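Peer 1: One structure is given below, represented as structure tokens, and several questions about it will come after.
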Amino acid sequence: MILCACAAPLAHAQQTAPTLAQAEALARDGQHLEAASRYERLARRGFMNWDAATALLAAREYVVGGAVKDAQRLVARVRSRVRSDDERALLAEVEARVALAGGDAARALSILRTLAQPWPAESAPELLALRGQAEIATGDALGGVRTFEERAALLASPAARAENDRLLYDCLRQRPPGAVTAAGVSERERGWLELPAVVTAGSDDAADPATVAAWMGRHPGHPGAAFLPAAGQAQPGFATIGGGRSTSIALLLPLSGKQQSAGGAVRDGFAAAWFASSPADMRPRIEIYDTATPDAAAAYQRAIADGARMVVGPLTKEEIAAVVASQPTGLPVPTLALNYATVTPGVATPAFLYQFALDPEQEARAVARRIADDGWVRGVALFPDNTWGQRVHDAFEEELQAAGSVALMSSQYYAADARDFSGPLRAVLGRYGGAGDRSSSPSQSLPPRNAVSEQASGPQFAFVAATPQAARAIRPQLRFQMTYDLPLYATSDAWDPSVRAAADMDGMVFPEMPWLLYGGQGAPELWDALQEDWSARSRGRLRLFAFGYDAFRLAQQLASSGGIAAGVDGLTGVLELDRADGRVQRSLQFARVESGKPQVAGSTATVFRETLPANSTGDPPPR
1033 MILCACAAPL AHAQQTAPTL AQAEALARDG QHLEAASRYE RLARRGFMNW
1083 DAATALLAAR EYVVGGAVKD AQRLVARVRS RVRSDDERAL LAEVEARVAL
1133 AGGDAARALS ILRTLAQPWP AESAPELLAL RGQAEIATGD ALGGVRTFEE
1183 RAALLASPAA RAENDRLLYD CLRQRPPGAV TAAGVSERER GWLELPAVVT
1233 AGSDDAADPA TVAAWMGRHP GHPGAAFLPA AGQAQPGFAT IGGGRSTSIA
1283 LLLPLSGKQQ SAGGAVRDGF AAAWFASSPA DMRPRIEIYD TATPDAAAAY
1333 QRAIADGARM VVGPLTKEEI AAVVASQPTG LPVPTLALNY ATVTPGVATP
1383 AFLYQFALDP EQEARAVARR IADDGWVRGV ALFPDNTWGQ RVHDAFEEEL
1433 QAAGSVALMS SQYYAADARD FSGPLRAVLG RYGGAGDRSS SPSQSLPPRN
1483 AVSEQASGPQ FAFVAATPQA ARAIRPQLRF QMTYDLPLYA TSDAWDPSVR
1533 AAADMDGMVF PEMPWLLYGG QGAPELWDAL QEDWSARSRG RLRLFAFGYD
1583 AFRLAQQLAS SGGIAAGVDG LTGVLELDRA DGRVQRSLQF ARVESGKPQV
1633 AGSTATVFRE TLPANSTGDP PPR
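In structure tokens form, the structure reads like this:
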């Protein structure tokens, strides 16, 4: 009985004994005091004997949890036992946290500055966060911003970098910096330093829309824009860039709602072009209206009432239709719509309506002409089964027919959300597909296929209308189906310019903006910002920044000429206004993916060569 009585508490003690994994899990879950208690129990090594590293982990959790005296108690016990660089870094972190908790930022900064460098890699992010907080708290806001930027470079995930931005912003809000007067301040640093004053520039601690817009104009794409209050951005759906007396341009974009990201990218590109244009006192005043609050027609009416001499926008086909319908007597000022309006048969385009778009149909027509110029006479095509795919299909086939020398052997639609494209590919390729098939019987192989004879009668090209995700799935599956190399053409929608490299897309030919094809030519400052400081913000939207940039330059010409002429050697291509229908035509250059990256394509496309499937024989003859 005595043995059993002793065994029960012993078994319970073994079940409840803390482990490092438990303590770490509690710390990650924010249960800091419970984690500290477990770390402390683990740190004990018998009477008056402590493990320094584990005790310091306990002290860190105590101070994070608000039990500063317990943290100080443990630090006093193990300070003399600290031996390794990792333990010295952890001791400095705990003591700096204690100093900051006590309001002594100067002492925290002194502790961190006296810690020998380089700091251990695992400790560096926490130490830099504490140093940045201490610098801002002692009045060195610029130093704090630079420390947080140094910390961001060590963080691997976008979520961690976003949290770093949040911590920096919170520190600046608690101790707003004064006017930025130091020399050598970068645009990104200046944006952070100005941000707290922008957020509180209105009444009742609400941001003033004009001040917000001015800040965004000075710092397009800045990550600090994520912390601007929604109320400040949306009320009353209006802001101004510049205060000059020259012609006012109203910019109508969706800056809230579903299209907010696209509208914001166009706005930032537009603002970047404004800053890169003529001297400040000669630039037009830009007034920005949110078409999502309440709607595009109301935004247009307000812009006209406010005296706009030129309107740029809105962005969607539906918004353009609403604006035109709201002006039954005609548009009162030159209006550069940022899309192509739906054409109603028999209804003339309103006077003063000009239209500029990144139009997939225009690109599809350009690809059709390129295929004809490359000398191909027969091919196949794939399109997504949706409205966008139908529009691209119609434009592509119509242009092929106009060329007169090229015919489609077959075309096929695929489900827009598909991942496996083997069915549509087999259907569109017919007897020329299935080259990669294997026999279902191990003892009997499939009959060999002759690549030379199949190339002599089979398709000479494939055109694919697709998103980047679909295109990256279709390209290798197309190779698997064929016995010979099949040149692949697409619109620019098939390539994501934010991707660093995609070797599986080698050989694809598509129209591309000169700005992207030549690495920022035409607007290098905007390019550098989007590749470095604003890379997360710009992902998937690089073309929209260039679109906004060119929209400003076109608007300048239309405004100065009274809507008579517009032509720009732009970031998106060579732009010319068609006087007949008011549409801006875009001359496109072509890229070919080589070694995973788009390169300038020559006057004709080089056939992409690859290893033939196992069940094909012979080599395709040279073209």
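Quick note on the numbering used here: the sequence shown kicks off at 1033 and runs consecutively. Built from N, CA and C at the ideal position, the CB exists for glycine as well. These figures come from a predicted structure and were not determined experimentally.
#1: Please state whether DSSP places S1454 in a helix, a strand or coil.
#2: Tell me whether the beta-carbon of V1217 lies closer than 8 Å to the beta-carbon of L1174.
#3: Report all residues from its chain with a CB closer than 7 Å to the CB of A1354; omit the five preceding and five following residues, and keep chain order.
#4: Under DSSP, the alpha helix (DSSP H) around E1219 begins and ends at which residues?
#5: So who's on the other strand from Q1387, going by DSSP bridges?
#6: Going by C-alpha distance, which of E1056, R1113 and A1148 is nearest R1092?
#7: In its own chain, which residues sit with a C-beta less than 8 Å from the C-beta of R1575, not counting the 5 before and 5 after it?
#8: Touching or not, the stretch 1469-1483 and the stretch 1426-1443, by the rule of three or more beta carbon pairs under 8 Å?
#9: Need the endpoints of the beta strand (DSSP E) that S1116 sits in, please.
#10: With which residues is D1601 paired in a DSSP beta bridge?
#11: Can you tell me where the alpha helix (DSSP H) with E1154 in it begins and where it stops?
#12: DSSP has K1629 in a bridge; who is on the other side?
#13: Hey, quick one: how far does the beta strand (DSSP E) through P1416 stretch, first residue to last?
#14: From S1310 to L1368, what distance separates their C-alpha atoms?
#15: Classify G1269 as helix, strand or coil using the three-state DSSP reduction.
#16: Once you ignore the five residues that flank A1659 on each side, which residues in its own chain have a CB closer than 7 Å to its CB?
#17: Could you spell out the range, first to last residue, of the alpha helix (DSSP H) harbouring V1379?
#18: Is the beta carbon of A1533 closer than 8 Å to that of K1629?
#19: Quick one: is S1069 buried, meaning 16 or more other Cβ sit within 10 Å of its Cβ, or exposed?
#20: For Q1292, report the span of its alpha helix (DSSP H) as first-last.
#21: Would DSSP call W1527 helix, strand or coil?
#22: Put M1314 into one of helix, strand or coil per three-state DSSP.
#23: Kindly list the residues whose CB is nearer than 6 Å to the CB of A1059, restricted to its own chain and excluding five residues on each side of it in sequence; keep chain order.
#24: Between which residues of its own chain and L1225 is the CB-CB distance below 8 Å, once the five residues before and five after are set aside?
#25: Can you tell me the Cβ-Cβ gap for L1562 and F1577, rounded? I've got them flagged as a contact below 8 Å.
#26: Give the single residue among D1117, L1123, R1573 and E1608 whose Cα lies nearest to the Cα of R1105.
#27: Measure the C-alpha to C-alpha separation of G1339 and P1364 and round it to an integer number of angstroms.
#28: Buried or exposed: which applies to A1103, given that a residue is buried once 16 or more other Cβ atoms fall within 10 Å of its Cβ?
#29: For a quick check, are the C-beta atoms of A1448 and E1393 less than 8 Å apart?
#30: Using 8 Å for Cβ pairs, my map puts L1461 next to V1412. What's the rounded Cβ distance?
#31: Could you tell me which of G1098, G1062, G1223 and A1053 sits nearest to T1086, measuring between CA atoms?
#32: Indicate the three-state DSSP secondary structure (helix, strand or coil) for D1322 in the structure shown.
#33: With DSSP collapsed to three states, give me the class of L1548.
#34: Using alpha carbons as the reference points, say which of I1352, D1117 and D1406 lies closest to P1382.
#35: If you measure between the beta carbons of L1663 and P1346, is that distance less than 8 Å?
#36: Who are the Cβ neighbours of L1558 in its own chain at under 6 Å, not counting the five residues just before and after it?
Peer 2: In short:
#1: Working through the sequence shown from its first residue, we reach residue 1454 at position 422. S1454: helix per DSSP, three-state reduction.
#2: On the sequence shown, position 185 is the one that residue 1217 refers to. On the sequence shown, position 142 is the one that residue 1174 refers to. Yes.
#3: Counted from its first residue, the sequence shown places residue 1354 at position 322. Excluding sequence neighbours, A1354 sits near D1327, A1328 and A1329.
#4: Within the sequence shown, the letter at position 187 stands for residue 1219. Unbroken alpha helix (DSSP H) run through E1219: E1219 to V1231.
#5: Taking the sequence shown and counting its residues from 1, one reaches residue 1387 at position 355. Its beta-bridge partners are A1369 and R1615.
#6: In the sequence shown, the residue the question calls residue 1092 occupies position 60. Nearest of E1056, R1113 and A1148 to R1092, Cα basis: E1056.
#7: Stepping through the sequence shown from its first residue, residue 1575 is reached at position 543. Around R1575: L1390, S1524, P1529, M1545, L1548 and T1604.
#8: no
#9: Indexing the sequence shown from 1 puts residue 1116 at position 84. Segment: none, S1116 is in no beta strand (DSSP E) and carries neither H nor E.
#10: Along the sequence shown, read from residue 1 onward, the residue named residue 1601 stands at position 569. Answer is V1606.
#11: Taking the first residue of the sequence shown as position 1, residue 1154 is located at position 122. Here E1154 belongs to no alpha helix (DSSP H), and DSSP marks it neither H nor E.
#12: As a working mapping, residue 1629 is identified with position 597 in the sequence shown. E1626.
#13: As a first step, residue 1416 is located in the sequence shown; it is residue number 384 there, counting from the start. P1416 -> beta strand (DSSP E) spans R1410 to P1416.
#14: Locating residue 1310 in the sequence shown gives position 278, where the first residue counts as 1. Locating residue 1368 in the sequence shown gives position 336, where the first residue counts as 1. One C-alpha to the other measures close to 21 Å.
#15: Numbered from 1 along the sequence shown, position 237 holds the residue referred to as residue 1269. Because G1269 sits at a pLDDT of 47, beneath the cut-off of 50, its placement in the model cannot be relied upon, and the following sentence gives the value as read from the coordinates. The answer is coil: DSSP assigns G1269 none of H, G, I, E or B.
#16: Outside the shown range of the chain (1033 to 1655) lies residue 1659, about which nothing can therefore be said.
#17: Translated into the one-based positions of the sequence shown, residue 1379 becomes position 347. Segment: none, V1379 is in no alpha helix (DSSP H) and carries neither H nor E.
#18: Within the sequence shown, numbered from 1, the residue matching residue 1629 stands at position 597. Within the sequence shown, numbered from 1, the residue matching residue 1533 stands at position 501. A contact, by the Cβ cut-off of 8 Å.
#19: Counted from its first residue, the sequence shown places residue 1069 at position 37. Buried, because 16 or more other Cβ atoms sit within 10 Å of the Cβ of S1069.
#20: Residue mapping note: residue 1292 aligns to position 260 of the sequence shown, counting from 1. Here the alpha helix (DSSP H) through Q1292 covers Q1292 to A1308.
#21: The residue labelled residue 1527 in the question sits at position 495 within the sequence shown. Three-state result, W1527: coil.
#22: The count along the sequence shown starts at 1 and reaches residue 1314 at position 282. Here M1314 sits in helix by DSSP.
#23: As a working note, residue 1059 is residue 27 in the sequence shown. A1067 and E1093.
#24: Along the sequence shown, read from residue 1 onward, the residue named residue 1225 stands at position 193. Cβ neighbours of L1225 beyond the five flanking positions: A1173, L1174, V1177, L1204, P1209, V1212 and V1217.
#25: By one-based count along the sequence shown, residue 1562 stands at place 530. By one-based count along the sequence shown, residue 1577 stands at place 545. Right, the Cβ-Cβ distance comes to about 6 Å (below 8 Å), so this counts as a contact.
#26: The residue given as residue 1105 occupies position 73 in the sequence shown. If we check each option's Cα against that of R1105, L1123 comes out closest.
#27: Residue numbering aside, residue 1339 sits at position 307 when the sequence shown is read from its first letter. Residue numbering aside, residue 1364 sits at position 332 when the sequence shown is read from its first letter. Approximately 11 Å between the Cα atoms of the pair.
#28: Locating residue 1103 in the sequence shown gives position 71, counting from the first residue. Counting Cβ neighbours within 10 Å, A1103 comes out buried, since at least 16 surround it.
#29: On the sequence shown, residue 1448 is found 416 positions in, with the first residue counted as 1. On the sequence shown, residue 1393 is found 361 positions in, with the first residue counted as 1. No, they are not a contact pair.
#30: Translated into the one-based positions of the sequence shown, residue 1461 becomes position 429. Translated into the one-based positions of the sequence shown, residue 1412 becomes position 380. Correct: roughly 6 Å between the Cβ atoms.
#31: As a working mapping, residue 1086 is identified with position 54 in the sequence shown. Of G1098, G1062, G1223 and A1053, the residue nearest in Cα terms is A1053.
#32: Mapped onto the sequence shown, residue 1322 falls at position 290. Strand.
#33: Taking the sequence shown and counting its residues from 1, the one referred to as residue 1548 is at position 516. L1548 falls in the helix class under three-state DSSP.
#34: The residue labelled residue 1382 in the question sits at position 350 within the sequence shown. Comparing Cα-Cα distances from P1382 to each of I1352, D1117 and D1406, the minimum goes to I1352.
#35: The first residue shown for the chain is 1033 and the last is 1655, placing residue 1663 beyond what the model contains.
#36: Start at 1 with the first residue of the sequence shown, and residue 1558 comes out as number 526. Cβ neighbours of L1558 beyond the five flanking positions: A1304.
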